[in-house]
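Residue numbers (our numbering): 12 to 263. We treat Cβ as the ideally placed atom computed from N, Cα and C, and that holds for glycine. Please read these numbers as outputs of a predicted model, since none were measured by experiment.
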């Protein structure tokens, strides 16, 4: 039986609060116990770490790692990985992680240009298979495709993946540059303030759903359309210049 200082569950109050007594569904608990549990929960949620990466330790001699994959392997959900200028070669497997991966200053064009991510003969740059909810955020890099025929970012999960303030250039791939195609999960891409320049791909972006906003597409060649979305997608305030298909026609 609930009394002063107790919480109890009850379907009659779905919000859980009624006249100073909290009801949550049949089991009474002391208020002091719930407050202690809430404090532990808040403390646990505040323990996200910042992990640093510098390939040659020139910009940050005290960096935690010199390789991005090592940082990803050490990270847990909610962590932030800061990558200092250098050239980093994938492939990188983000697994089921929900982390922020960013350059040391995503809003400084010189830092973005100097923090280069590239594929290798072993695969593309990033793969994520985060299953649900919010996914990783990748921000403030230059993705330089070189001569390898792989995607820059490929997601097979069903989470929301954010790609912000990046430059994608010189990819020559028979697949799509950024892909979460129908049949490989129902994930959502949020792509903001990115530049796609001088790439050749099946498609530049291929996703089930998402939003492309304030992006710039310049001098890209595609084997079909530049952007394919299956459903529930928006393209906002973006510029398409010189998009050409292999037959020479121009289209977006």
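In this structure, what does DSSP give as the bridge partners for residue i?
{"i": "residue 183", "result": "211"}
{"i": "residue 246", "result": "223"}
{"i": "residue 99", "result": "128"}
{"i": "residue 113", "result": "93 and 150"}
{"i": "residue 252", "result": "229"}
{"i": "residue 206", "result": "178 and 227"}
{"i": "residue 275", "result": "The structure shown does not extend to residue 275, since the chain spans only 12 to 263, so no value can be given for it."}
{"i": "residue 88", "result": "BP columns for residue 88 are empty, so no partner."}
{"i": "residue 64", "result": "76 and 94"}
{"i": "residue 190", "result": "165 and 217"}
{"i": "residue 155", "result": "180"}
{"i": "residue 199", "result": "171 and 220"}
Going by DSSP, what residue range makes up the beta strand (DSSP E) through residue i?
{"i": "residue 240", "result": "238-240"}
{"i": "residue 172", "result": "171-175"}
If I measure Cβ to Cβ from residue i and keep anything under 8 angstroms in the same chain, skipping five residues before and after, which residues do I get?
{"i": "residue 114", "result": "93, 94, 95, 96, 122, 123, 126, 150, 151 and 152"}
{"i": "residue 56", "result": "Note on residue 56: pLDDT 46, under 50, position unreliable in the model; the coordinate value appears next. 89, listed in sequence order."}
{"i": "residue 60", "result": "86, 87, 90 and 91"}
If we ignore side chains and look at the alpha-carbon of each, how far apart do residue i and residue j end up?
{"i": "residue 201", "j": "residue 254", "result": "21 angstroms"}
{"i": "residue 240", "j": "residue 215", "result": "11 angstroms"}
{"i": "residue 171", "j": "residue 218", "result": "11 angstroms"}
{"i": "residue 85", "j": "residue 63", "result": "11 angstroms"}
{"i": "residue 155", "j": "residue 182", "result": "7 angstroms"}
{"i": "residue 167", "j": "residue 235", "result": "22 angstroms"}
{"i": "residue 252", "j": "residue 147", "result": "29 angstroms"}
{"i": "residue 178", "j": "residue 226", "result": "10 angstroms"}
{"i": "residue 120", "j": "residue 206", "result": "12 angstroms"}
{"i": "residue 157", "j": "residue 82", "result": "24 angstroms"}
{"i": "residue 186", "j": "residue 65", "result": "30 angstroms"}
{"i": "residue 208", "j": "residue 188", "result": "11 angstroms"}
{"i": "residue 229", "j": "residue 248", "result": "15 angstroms"}
{"i": "residue 132", "j": "residue 100", "result": "10 angstroms"}
{"i": "residue 184", "j": "residue 108", "result": "26 angstroms"}
Just reading off the alpha helix (DSSP H) that residue i is part of, what are its end residues?
{"i": "residue 217", "result": "Per DSSP, residue 217 belongs to no alpha helix (DSSP H); it is in the beta strand (DSSP E), 216-218."}
{"i": "residue 82", "result": "79-85"}
Ignore the nearest five residues each way along the sequence and tell me which others in residue i's own chain have a CB closer than 7 angstroms to its CB.
{"i": "residue 68", "result": "74 and 77"}
Between residue i and the rest of its own chain, which residues show a CB-CB distance below 6 angstroms, the 5 nearest in sequence each way excluded?
{"i": "residue 199", "result": "171, 220 and 221"}
{"i": "residue 80", "result": "103"}
{"i": "residue 245", "result": "222"}
{"i": "residue 176", "result": "117, 150, 151 and 204"}
{"i": "residue 190", "result": "162, 165 and 217"}
{"i": "residue 243", "result": "220"}
{"i": "residue 250", "result": "227"}
Check whether the Cβ of residue i lies closer than 7 angstroms to any heavy atom of the ligand ZN, and answer yes or no.
{"i": "residue 231", "result": "The ligand ZN is not part of the structure shown, which contains no ligands of any sort."}
So that I know if they touch, is there some Cβ in chain D lying closer than 8 angstroms to that of residue i?
{"i": "residue 74", "result": "Of the protein chains in the structure, only one exists, and it is not chain D."}
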